[in-house]
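Only one structure is covered here, and it is reproduced in the block below.
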Amino acid sequence: MATVHIRRCDGPGAEPRWVSYEVPLEDRMTVLGVLDYIYENVDTSLAYYQSCRMGRCAGCFVQVNGKGVLSCETTAFDGMRVGPLENYELVRDLVVDLNKPLKKRASNDRG
Amino acid sequence: MVTDVLVVGSEGAGARAAISVCEADPRARVTLTTKGRFTKSGATLTAGTDIDVDSTSVIELFGLEGDRRDTKDTFLEDIVVEGRYVNNQKLVEVLVENAPRVVKEVADWGMKVMGVARAAGHRYPRGILSTGVEVMKGLRNKVRQFGDRVTVMEDTLVTDLVVDDAGHVSGATALDLRTGEPVVFVSKVVLLATGGGLRVYPWTSGPEELTGDGHGMAYRIGTRFTDMEFVQFLTCTLEAPPSKVRSVNPFQLYGGWLLNREGQRFMARWDPVRMEQSTRDNLAIGIMSEILEGRGWTDDKGGYVLISMKHLPDQIIDDSPAIQAWFKKDFIESVKGKAVKCFPACHFYCGGIVKNERCETNIPGLLAAGEVCGGVHGANRLSGNAVTEILVDGAISGVTAAELVANRDTPRLGKSHYEGLVEKILAPFNRKEGPSPIQLRKRIQKLAGYKVGVVRDADLLRQAIAELQDIKAEAAAVAVYNSQKVYNREWVEALQVENMALTLEMIARSALVRQESRGTHYRRDFPKSDNSNWLKNTFLIKNEEGDMVVTTAPSVITKVRPKEED
Ligand SMILES: Cc1cc2nc3c(=O)[nH]c(=O)nc-3n(C[C@H](O)[C@H](O)[C@H](O)COP(=O)(O)OP(=O)(O)OC[C@H]3O[C@@H](n4cnc5c(N)ncnc54)[C@H](O)[C@@H]3O)c2cc1C
Ligand code: FES
């Protein structure tokens with residue numbers, strides 16, 4: 001079992017919070033695999049975007065420990081902190097509106 | 001929301017159709033919807049891509065190395081041979097005729113062309129090489145030129161078609177995922193471009209969104225379907241890394257052994273000479289038969305066998321350009337000297353909604369374009385012909401839509417036309433108890449993998465149909481357990497499960513009727529093709545009593561017939 005931290009937030013203006021989850025990290029499981037695990041087994045309210053699962057659509061961007069990555073192409077690790085892209089308007093949790101880039105980088109702890 | 005043409009599905013077929021409407025009628029307004037994001041959803045993006053045109057056009061329009069011996073008729077012939085003679089040849093004529101123009105257009109709009117290739121089944125080099133991402137780049141550039149005449153609505157899950165008193169499709173209902181509010185569209189025409197229903201299966205090369213929604217909503221209002229039994233599978237797909245599917249398996253090409261639970265190289269049973277180098281069909285049948293006959297492994301998906309690299313010296317893996325090109329270093333290292341799971345994955349729907357040469361369906365006001373349609377590919381699709389089809393369909397259906405728009409006033413809908421459909425959207429969210437949509441989705445996928453997959457027989461299909469009746473009853477009672485309104489995945493799944501079940505039932509019932517094997521459809525109780533009785537297509541519809549019924553009719557043959565020995 002590993003512990004991962006996800007930044008949950010109900011929408012723009014709402015109070016963000018970091019929530020920790022225990023997940024079984026299978027061999028080379030991706031960040032997206034971890035999000036699926038949490039959604040299917042722990043909390044169905046987790047919001048995140050995915051489509052192709054093969055690095056093509058560029059829709060599954062999140063920040064892992066502060067760095068923007070494709071969740072379907074990135075290997076998960078114990079202790080990782082997953083948040084939404086910080087330079088776009090937030091929809092909810094890890095989903096952002098890619099048509100609405102924020103003018104200046106908001107100072108926050110999206111990780 | 002009022003619009004002239006509502007397009008459901010924003011990718012290859014949908015985006016191309018929007019362009020075509022705008023070009024054909026300078027006043028028409030289009031709303032382009034996707035349950036995901038524009039150019040970030042659907043199968044088009046993930047395509048390889050080869051895009052077929054006849055080889056003479058490869059030279060004349062693209063200046064690439066084609067072969068002038070090829071004609072549109074030769075191209076048609078190859079399509080029909082691959083489709084095992086049950087293609088609708090009138091539709092194939094439309095395809096080969098329009099292909100060069102529409103493919104060239106997308107290139108002119110910004111799709112990068114990287115060369116030409118000759119894929120299996122083609123006598124001449126016809127595959128214009130590019131990528132799905134490039135196709136969508138070209139289409140997006142062009143869509144943008146029409147400014148606010150095309151409204152793109154993302155995160156909009158269309159749930160049902162709205163029909164007026166005259167039986168004319170006049171709009172649709174949807175859930176806006178960003179707000180959690182239902183939306184009612186009023187439109188003169190609805191154009192379905194929702195792609196195949198690949199996610200009905202436990203493993204697929206295709207993306208998340210493809211849950212057969214277009215199939216489900218069209219079926220509910222009485223749309224006709226054809227050839228639903230013909231589903232294309234990739235042979236020995238890998239999970240690399242977990243939760244991710246690979247559409248190619250170079251390990252199989254470069255010496256991996258396929259093993260069953262008894263440790264046997266089971267392909268000896270199916271093709272003792274070529275073994276793992278056998279044809280795609282044989283490999284798929286071999287793998288799935290091992291699973292069904294109890295010699296593979298079963299799991300909560302569709303089961304698997306192993307592909308073993310244990311006997312392969314590392315150097316062979318290191319020296320294989322294909323393996324190196326397709327996989328990341330850490331994956332390659334992790335499989336050296338090991339055996340990993342291997343299984344068939346759903347790749348393409350050859351069948352779908354019946355369309356005519358203008359992309360009209362049997363329902364007035366409803367057009368269909370792209371992979372959601374059937375008819376062109378017959379029992380199997382030639383590589384590169386899917387992207388060609390979506391571009392041709394998009395171009396043609398847009399012109400038809402523009403004509404319909406010019407001849408119809410904006411429909412007047414009353415609450416009675418859509419009230420029930422809106423209620424159907426809200427019901428699972430408001431329900432506090434009921435089956436879980438996630439569990440139901442998994443049950444459907446597992447059933448699809450084991451009983452309506454690569455290997456079929458009457459027993460398996462009957463069992464699947466019976467179980468689907470229970471599943472449909474449960475789907476009507478699903479509950480969403482979390483109460484978030486915005487971007488609620490569980491709610492999305494709750495609205496998808498009925499469509500998944502209906503789509504799978506269409507495949508199972510059509511497969512049960514076709515008592516022979518042909519192309520992608522393999523019946524182990526009827527392992528041979530039967531040209532004397534089965535140069536036919538299946539047609540499926542909901543009858544007056546609400547039952548799903550399948551009939552057959554002779555295939556439309558205009559040019560190519562099977563030779564005696566076929
Ligand atoms: C991995 C892979 C590789 C492929 N490679 C090739 C290739 O090299 N050459 C080739 O010719 N073909 C290839 N194909 C096949 C080809 O890509 C598809 O057949 C084709 O792109 C389908 O296009 P489409 O526009 O019909 O549907 P899609 O591109 O699948 O788009 C469907 C759209 O419908 C939307 N949608 C679905 N349901 C709803 C709903 N309820 N509400 C709102 N929107 C909805 C989706 O969000 C999406 O926008 C490949 C397929 C895959 C999966
Ligand atoms: S899901 Fe498409 S890039 Fe990750």
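Chains as they are written, first to last, in my numbering: chain R, 1 to 111; chain Z, 1 to 566.
Each residue gets a CB set at the ideal place from its N, CA and C atoms; glycine is no exception.
> So which residues of chain R does Ser334/Z contact, with C-beta pairs closer than 8 Å?
Replying inline: Within chain R, the residues near Ser334/Z are Asp27, Arg28.
>> I'd like to know if Cys9/R contacts chain Z, where contact means its C-beta is closer than 8 Å to some C-beta of that chain.
In response: no
> Applying the criterion that 16 or more other CB atoms from any shown protein chain within 10 Å of the CB defines a buried residue, is Arg489/Z buried or exposed?
Replying inline: buried
>> Quick check: does the Cβ of Glu419/Z come within less than 7 Å of any heavy atom belonging to ligand 1?
In response: no
> If Glu276/Z sits next to Gln252/Z, beta carbons under 8 Å apart, how far is it from one beta carbon to the other, in whole angstroms?
Replying inline: The Cβ separation is near 5 Å, so the contact holds.
> By DSSP, does Tyr85/Z sit in helix, in strand, or in coil?
Replying inline: coil
> Is it true that the segment 4-18 of chain Z meets the segment 130-144 of chain Z, where meeting means three or more beta-carbon pairs spaced less than 8 Å apart?
Replying inline: yes
> Per DSSP, Leu367/Z forms a beta bridge with which residues?
Replying inline: Leu191/Z, Glu360/Z
>> So, with DSSP's three-state summary, where would you put Gly68/R?
In response: strand
>> Is Leu502/Z a contact residue of ligand 1, with contact defined as CB to any heavy atom under 7 Å?
In response: no
> Should Gly378/Z be counted as a contact of ligand 1 given a C-beta to heavy atom distance under 7 Å?
Replying inline: Because no heavy atom of ligand 1 lies under 7 Å away, the Cβ of Gly378/Z does not count as near it: no.
> Under 7 Å from any heavy atom of ligand 2, does the C-beta of Ser45/R make it?
Replying inline: no
> Which residues in the same chain have their Cβ closer than 6 Å to the Cβ of Ser320/Z, if we skip the five residues on either side of it in sequence?
Replying inline: The answer, listed in chain order, is Tyr254.
> Out of Gly79/R, Phe61/R, Glu73/R, Phe77/R, which has the shortest C-alpha to C-alpha gap to Tyr88/R?
Replying inline: Residue nearest to Tyr88/R within the set Gly79/R, Phe61/R, Glu73/R, Phe77/R is Phe61/R (criterion: CA-CA distance).
> Is the number of C-beta pairs between the segment 27-35 of chain R and the segment 63-77 of chain R that are closer than 8 Å three or more?
Replying inline: yes
> What do you get for Gly79/R, buried or exposed, if any count of 16 or more other CB atoms within 10 angstroms of its CB means buried?
Replying inline: exposed
> Checking contacts by CB at 8 Å: is Gln63/R closer than that to chain Z?
Replying inline: no
> Considering only C-alpha positions, which residue in the set Thr44/R, Leu102/R, Met54/R, Asn99/R is nearest to Ala8/R?
Replying inline: Reading the sequence as shown, one finds Arg at residue 8/R and not Ala. Selected option, being the one with the closest Cα: Thr44/R.
> Does any CB atom of chain R fall closer than 8 Å to the CB of Thr46/Z?
Replying inline: yes
> Helix, strand or coil: which one does DSSP assign to His593/Z?
Replying inline: With chain Z covering 1 to 566 only, the question about residue 593/Z has no answer from this structure.
> Considering only residues of the same chain and omitting the five flanking positions on each side of Thr503/Z, which have a CB-CB separation below 7 Å?
Replying inline: Gly197, Val200, Gly212, His215, Gly216
> Beta-carbon of Gly132/Z versus every beta-carbon of chain R: anything under 8 Å?
Replying inline: yes
>> On a Cα-Cα basis, can you pick out the residue from Val95/R, Ile38/R, Pro24/R, Arg17/R that is closest to Phe77/R?
In response: Pro24/R
>> Could you check whether the Cβ of Glu15/R sits closer than 8 Å to any Cβ belonging to chain Z?
In response: no
> Val549/Z: buried (16+ other C-beta within 10 angstroms of its C-beta) or exposed?
Replying inline: It counts as exposed.
> Is it the case that the Cβ atoms of Val116/Z and Gly48/Z are separated by a distance below 8 Å?
Replying inline: no
> Mind listing which residues of the segment 44-64 of chain R have their C-beta closer than 7 Å to chain Z's C-betas, in chain order?
Replying inline: Thr44, Ser45, Ala47, Gln50, Ser51, Cys52, Arg53, Met54, Arg56, Cys57, Ala58, Gly59
>> Is there a Cβ of chain Z sitting closer than 8 Å to that of Leu90/R, yes or no?
In response: Cβ-Cβ to chain Z under 8 Å: no for Leu90/R.
>> Give me the chain Z residues within the contact set of Val95/R, using Cβ-Cβ distance strictly less than 7 Å, ordered along the chain.
In response: Tyr487
>> For the segment 83-90 of chain Z against the segment 166-184 of chain Z, do three or more pairs of beta-carbon atoms, one drawn from each stretch, fall closer than 8 Å, so that the two count as touching?
In response: In the pairwise beta carbon analysis, the segment 83-90 of chain Z is classified as not touching the segment 166-184 of chain Z: fewer than three pairs are separated by under 8 Å.
> Taking contact to mean at least 3 C-beta pairs separated by less than 8 Å, is the segment 372-387 of chain Z in contact with the segment 510-522 of chain Z?
Replying inline: yes
>> On a Cα-Cα basis, can you pick out the residue from Lys451/Z, Thr223/Z, Ala174/Z that is closest to Asp160/Z?
In response: Ala174/Z
> Which chain Z residues are close to Tyr39/R, counting only those with a beta carbon under 9 Å from its beta carbon?
Replying inline: Ile438, Arg489, Glu490
>> Cβ closer than 9 Å: which chain R residues qualify as neighbours of Tyr418/Z?
In response: What Tyr418/Z touches in chain R: nothing, since even the nearest Cβ is about 26 Å away.
>> What would DSSP say about Tyr304/Z, mapped onto helix, strand or coil?
In response: strand
> DSSP on Asp318/Z, reduced to helix/strand/coil?
Replying inline: helix
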